[in-house]
Amino acid sequence: MLKNKPTVVIGASPNADRYSNKATLSLQKYGHTVYPVGIKTGKINGLDIIKDKPQIENVDTVTLYVGPDNQPEWIDYILSLKPKRIIFNPGTENPNFEALAESKGIEATEACTLVLLSINQY
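Each residue of the sequence shown is one higher than the one before, counting from 1178 in our numbering.
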């Protein structure tokens, strides 16, 4: 069994067609603790989507599903979680945010969470 990597999904959506929703389900399936954080209320497989920006301890990974135009309101929050890494999923790439994260010792990875999980590289 892989090590549990507590993960915050930023941009979580109750819409089953959204990649943030698929990633939340996949992370659960692979045994990771998931904190879905988004702007819409709802549930993903029994997990309430968290609408505020709670402090969460021991975050391994933040996986990002918010495009660059909407990231500024999230940056301080994401950095405050002190994750080991941030995954910039396709469409969320942001060189300035990635450089800021790296400058704070956070690994910034441009990748797809679903692919990483499926090939055991998460």
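Every residue, glycine too, gets a C-beta built ideally from N, C-alpha and C.
Treat the numbers as computed from the prediction; the structure is a model and nothing was measured.
For Thr1238, the beta-bridge partners assigned by DSSP are Thr1184, Arg1262. Gly1208 sits exposed, since fewer than 16 C-beta atoms from the chains shown fall within 10 Å of its C-beta. For Glu1270, the secondary structure class from DSSP, reduced to helix, strand or coil, is coil. The region 1214-1226 and the region 1187-1206 touch, with no fewer than 3 CB-CB distances between them shorter than 8 Å. Judged by DSSP in its simplified three-state form, Ala1285 adopts strand. The alpha-carbon of Asp1225 is positioned some 7 Å away from that of Pro1213. Put simply, the backbone Cα of Val1292 is about 23 Å away from that of Gly1223. For the pair Thr1238 and Pro1260, the CB atoms are nearer than the 8 Å cut-off. For Pro1213, the uninterrupted beta strand (DSSP E) segment begins and ends at 1211-1214.
As DSSP reads the structure, Leu1224 sits in a beta bridge with Ile1221.
Here the C-alpha atom of Tyr1299 lies approximately 23 Å from the C-alpha atom of Trp1251. In terms of Cβ geometry, Lys1230 and Leu1256 do not form a close pair [threshold 8 Å].
With a beta-carbon spacing of about 6 Å, Gly1244 and Gly1268 fall inside the 8 Å limit used to define contacts.
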